[in-house]
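In what follows, a structure is listed as structure tokens, so that the remarks can point back to it.
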Amino acid sequence: MEVLQLASTHTSNLLLSPFRHSACYRKTVASISAPYSIRRREGDRRLPRSIPSPTVLPRSSEGVSVRGSAADELELLLDLVPPRMRRGLVRHAELRELIEVVMDLGRKPIARFPSGDWVVSEEAVSIEDLRLAIGKVGRFSDDNRAGIDRSLHRISAIRNRKKEIIGLTCRVGRAVSGSAEMVRDLVESEGSILIIGPPGVGKTTLIREIARLLADERMKRVVIVDTSNEIGGDGDVPHSGIGRARRMQVPNVMMQHNVMIEAVENHMPEVIIIDEIGTELEALAATTIAQRGVQLVGTAHGITIESIIKNPSLQVLVGGIESVTLGDDEAKRRKVQKTILERKGPPAFTCAVELVSKNECRVHHKLEATVDAILAGKSSIFEARKWEPNVGECRNPFPVPDVNFEGQPSFTRTVKEDPQTSPEHASSYVSRHNKHSKLSDWMIAPILVYVYRISEAVLLQVAKVMGLEDKVDTTNDIRMANVVVASNSEMKENPWIRSMAKYYQLPVFVIKENTMAQMVKAIRMIVGMKSFGSATKSPLNQVEDIEIGDDAPMKTLFRGT
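First residue of the sequence shown: 2, per the working numbering; consecutive thereafter.
Given below as structure tokens:
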């Protein structure tokens, strides 16, 4: 057994967070604090009895080399490839941004960077190249994954029908301190978080930093269920990127749900972190953990929450879906078909984060309301967050309606693409646009009411009985609404509703109970507001909350910024 010891230095870059008014440091955490051992592949007759000793990557003649702790960890991965590939990689300008190296037997090796794929060498990969790489990694598990001891790199194998390895995907793993600043407020709220995103978008990097944040800064008892050793790295000693968090390894990928339950029963955790919830048993185990008073942070493959709803194996994460048959009167009152889809139970997670890229996400603060809105065919509300690490700013941190990003441009994207409006003036542009468009149509068009957790059918029925059906109507798009009507309980549980109304400069009518008597008072006040034109007199930087009591007079509250 040969040993290689690499010296590591510590580098860091200052990064300012828009969500926390304190400075934090974005850095790659050094993974080598002690010599690591090279483990050979067991049970593979094609491996040679002796393997050349790995060598530290030499400096190129052009002076291009990888420095610092990030370089030391990257050099472990570069040591897997043959020398001719190493010489080509170290000369690449985007070496520090390397994503993965693909080596397939009989084909040219490819390195993947954010800018695209790049052919490393014109010489095809041989079986000797694969043997050299396989001998420097740990044992491949049942899911054909392996790693380098005490590092975060992941080596995935492709086998032929004879179970022989004919291809490798060497993926770079990085522990980035500060990558969880976009969702720090969600993590500190102690609610369960579901992180959704396609492969390679940065889900594992995010939850690794969340584990360190909870364990080191919040002093929580954190247990990580690490199925493929991708969060804590390969080997028995976990990577320093997870901080004080404990790591439970899974001997078999089919036993992940059992280890999840075992972690709760045996180790008294306050937080459970799970990567890649993919089967129905794992989803059921996550639901069970969420009901035991443990904060749960998990990831799942998908693009949006709607993709989780459509996935039969993962539906239980959002509460499950069932078909309900309505009566004739109820279907007519709701103005829907007799057979509809409804949520079966409470979701396993409190909120959800849809990762668009490494620096951009969409936050659904209340997963329960989002699922109900999607099943009802309405637009759900999310908060768009964009993190720019170079300038330490967040762009478009305001809630916007959920729209189909593939079919048409989103609201935030429309603001950005306006040639006369820069991103710095996007907020003021939207305010002026909404103000002029709504005020010009206020006196000639019916009042559009955006209802939140209020029976829309009851509101329209009351307006019809009062003979005001031509003056009051409802809308599912808050951008087109003139007023917002919400229940008192929902306003307390979801303060972001008020901030959303504040952004669009909408008055909010708060009712205590979802009854027809309350609806009558609300409609009278809405129509009276139109008659007297009070909506045009509300301050631009304030939100008007009108509380409707049973017998109490109207009470107007002005909330400033």
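From the three backbone atoms N, C-alpha and C, an ideal C-beta is built for every residue, glycine too.
Asked, Found
"By the DSSP assignment, the beta strand (DSSP E) with Gln296 in it spans what residues?", "296-302"
"Considering just the uninterrupted stretch of the beta strand (DSSP E) at Glu355, what are its terminal residues?", "352-358"
"I need the straight-line Cα distance from Asp217 to Lys311, nearest angstrom please.", "37 Å"
"Alpha carbon to alpha carbon, how far is Asp474 from Lys465? Give it in angstroms, no decimals.", "10 Å"
"So, under 8 Å CB-CB, Val272 and Met249 are touching, yes? Tell me the CB distance rounded to an integer number of Å.", "Not confirmed; about 13 Å, so no contact."
"Would you grab the beta carbon distance between Lys586 and Leu356 for me? Rounded to a whole angstrom, and I think it's under 8 Å.", "Look at the range of the chain in this structure, 2 to 562, and you will see that residue 586 is not part of it."
"Would a C-beta distance cut-off of 7 Å place Ala158 and Leu81 closer than the cut-off?", "no"
"Going by Cα to Cα distance, which pick from Asp144, Ile309, Arg155, Ser122 is closest to Lys137?", "Arg155"
"For Asp373, tell me which candidate among Glu323, Met517, Met269 has the shortest Cα-Cα distance.", "Glu323"
"Cutting at 6 Å between CB atoms, please list the residues of its own chain near Asn360, excluding the five before and the five after it.", "Trp388"
"Identify the continuous alpha helix (DSSP H) that holds Gln257 and give its terminal residues.", "257-268"
"Taking all protein chains shown into account, decide if Thr326 is buried (16 or more other Cβ within 10 angstroms of its Cβ) or exposed.", "exposed"
"In whole angstroms, give me the CA-to-CA distance for Val121 and Ser314.", "39 Å"
"Measuring only the C-alpha atoms, how far is Val486 from Ile455?", "7 Å"
"I'd like to confirm the pairing. Which residues does DSSP put opposite Ser488 in its beta bridges?", "Ile512"
"Could you say if the segment 333-345 and the segment 170-182 meet the contact criterion of at least three C-beta pairs nearer than 8 Å?", "no"
"Among Asn495, Arg113, Gly139, which has the Cα closest to the Cα of Leu96?", "Arg113"
"Between Gly320 and the ligand HEM, is the CB less than 6 Å from at least one heavy atom?", "This structure lacks the ligand HEM, and indeed carries no ligand of any kind."
"If the criterion is Cβ atoms closer than 7 Å, does the pair Thr575 and Glu277 meet it?", "Because the chain is modelled from 2 through 562, residue 575 falls outside the range shown and cannot be assessed."
"Measure how close the beta-carbons of Gly192 and Thr289 come, nearest whole angstrom, since I'm counting them as under 8 Å.", "About 17 Å separates the two Cβ atoms, so there is no contact after all."
"What's the C-alpha gap between Pro36 and Glu74?", "Annotation note: pLDDT 39 at Pro36 (below 50); position unreliable, coordinate value reported separately. Cα to Cα, Pro36 sits roughly 13 Å from Glu74."
"Gln292: buried (16+ other C-beta within 10 angstroms of its C-beta) or exposed?", "exposed"
"Buried or exposed: which applies to Ala286, given that a residue is buried once 16 or more other Cβ atoms fall within 10 Å of its Cβ?", "buried"
"Beta-carbon separation of Glu307 and Ile375 under 7 Å?", "yes"
"Look at Arg172 and Glu101 and say whether their C-beta atoms are less than 7 Å apart.", "yes"
"Excluding the five sequence neighbours on either side, which residues of its own chain have a C-beta within less than 6 Å of the C-beta of Glu281, listed in chain order?", "Ser314"
"According to DSSP, which residues form a beta bridge with Asp195?", "Residue identity differs from the one stated: residue 195 is Leu in this sequence, not Asp. Leu195 pairs with Gly299, Ala353."
"From Ile194 to Glu124, what distance separates their C-alpha atoms?", "46 Å"
"Tell me which residues share the same chain as Ser143 and place their Cβ nearer than 7 Å to its Cβ, disregarding the 5 neighbours each side in the sequence.", "Just to set this straight, residue 143 is Asp in the shown sequence, not Ser. Contacts found: Asn253, Val254."
"Please work out which residues of its chain come closer than 8 Å, Cβ to Cβ, to Leu167, disregarding the five sequence neighbours upstream and downstream, and give them in chain order.", "It is worth fixing the name first, because residue 167 is Ile in this sequence and not Leu. Asp105, Leu106, Leu131, Ile159, Arg160, Asn161, listed in sequence order."
"According to DSSP, is Glu95 helix, strand or coil?", "coil"
"DSSP three-state call for Ile33: helix, strand or coil?", "Residue placement at Ile33 is poorly supported in this model, since its pLDDT is 36, which falls under 50; the coordinates still yield a value, given next. Coil."
"Spatial neighbours of Gly346 within its chain, please: C-beta separation below 6 Å, excluding the five flanking residues on both sides.", "Gly320, Gly321"
"Since Ser229 contacts Arg146 with CB under 8 Å, what's their CB separation in whole angstroms?", "5 Å"
"Using the C-alpha atoms, what's the distance from Thr305 back to Glu165?", "37 Å"
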